[in-house]
Amino acid sequence: MEELLRFGIVGCGSVAAFHAQAIENTSGAVLTACCSGNPQKARTFAAAHGARAFDTLEELLAGPVDAVCLCTPSGLHARQALEAMAAGKHVVVEKPMSLTLEDADRVLAAARQTGRKVCVISQLRFQPAVQAVRQALDAGAFGRLVCANLSMNYYRSEAYYQAGGWRGTWAMDGGGALMNQGIHGVDLLRWLMGPVTSIRASVLTRAHAIEVEDTAAALLEFENGAVGTLTGSTACHPGYPRRLEICGTEGSIVLVEDALVRWDLPIPCPVPVGEGANSGAADPNAIGAAGHTLQIANFVDAVRNGTPLLVDAQQGRQALEVVLGVYASGRTGRTWHPETP
């Protein structure tokens, strides 16, 4: 019998519960360890999930783990990923993988040098509705792509930001409505529509006492000639589900969160069309663990059998580049273009 891939979870906040459930749901995986900046929180989490609590990341990395899930504040992701790979561990890192492209490139380089697997949590890609859209795009069912419109008009209370001292800060959150809440939608937009060649954006703080933005809007141009709009906010009470429209000369679709609500393409839809309930528009804990489970299963398969990761570190960098491009345009008032490799 093949040995189980042993996971350690770093950071025992709300998102860690989704990782623990995903590991428990995945054949070939077992949660053996956890640690937190708050040792009591780690002990409580360990008792709930049958794991061993460690006081520090260093102690956890020296313990019985093959891979780590980084569920810590965003500003720690790159450094902890590098530490884990240096200790010989594979890495699952929550979004965003880092706060800068320079740190993202350091993680990519370390993955190449060590041969360790690194995946970035972008669980929406694994949902059947999103997979159906990807397959339709690959089949040319949209014709020539014309435009895409991404709307993420979420709501977070002032108490949400005050509950974690790192939230809403440049140093540890790296941004606001786009870097934290909106990067999942940005990842879908980038994955489905392809490379972005220009961004013209406005970035504002409208309602919260935070350092970073709670509202942003951008006009994008894609390498394939299509255009797009992107809006993201945490100031829109009561908060509406994420909506993504992709339109082409031969057909179009509408995704609301992880469900298809319109499929106007010249090929049959392989999944049900209807409203979905998996929305974190007003409550980040309302998303469920189904997507994380699919992504952890892909990760285990990649480590054990060499199956390609659907969202590896390079893919995580692509979404980060778009978010940072929006920030750069909003900060300078100029159109952003990607740097030539």
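Here the sequence shown is numbered in this note's numbering, starting from 527 and rising by one per residue.
For each residue, glycine too, the CB sits at the ideal point set by N, CA and C.
From a predicted model like this one, the values you see are computed outputs, not experimental measurements.
Taking 7 Å as the cut-off, the beta carbon of Y687 is found no closer than this to the beta carbon of I647. DSSP, reduced to helix, strand and coil, places G601 within a helical segment of the structure shown. By the beta-carbon neighbour count (other beta carbons within 10 angstroms, threshold 16), N750 is exposed. I709 is positioned such that its CB atom lies no closer than 7 Å to that of K615. Scanning the segment 728-778 from its first residue to its last, the whole beta strand (DSSP E) runs of 3-plus residues come out as 741-748, 753-759 and 769-774. Secondary structure note for G851: it is in no beta strand (DSSP E), and the uninterrupted alpha helix (DSSP H) holding it is A839 to T858.
The alpha carbon of K567 has as its nearest neighbour, out of L730, I535 and D592, the alpha carbon of I535. Classified as buried, S677 has 16 or more neighbouring CB atoms from the shown chains inside 10 Å of its CB. Pairing G777 with A674 gives a Cβ-Cβ distance that is not under 7 Å.
Contact between the segment 851-860 and the segment 726-746 is established, with three or more Cβ pairs separated by less than 8 Å. With a beta-carbon spacing of about 6 Å, L587 and A610 fall inside the 8 Å limit used to define contacts. C597 is positioned such that its CB atom lies no closer than 7 Å to that of V656. Burial is judged here by how many other beta carbons sit within 10 angstroms of a residue's own beta carbon; Q649 has at least 16 and is buried. In the three-state DSSP reduction, H545 falls in the helix class (H, G or I). For W717, the enclosing alpha helix (DSSP H) stretches over residues I709 to M719.
The three-state secondary structure of I535, taken from DSSP, is strand. The alpha-carbon separation between D581 and C560 amounts to approximately 9 Å. Looking at the DSSP output, M678 bridges to G758.
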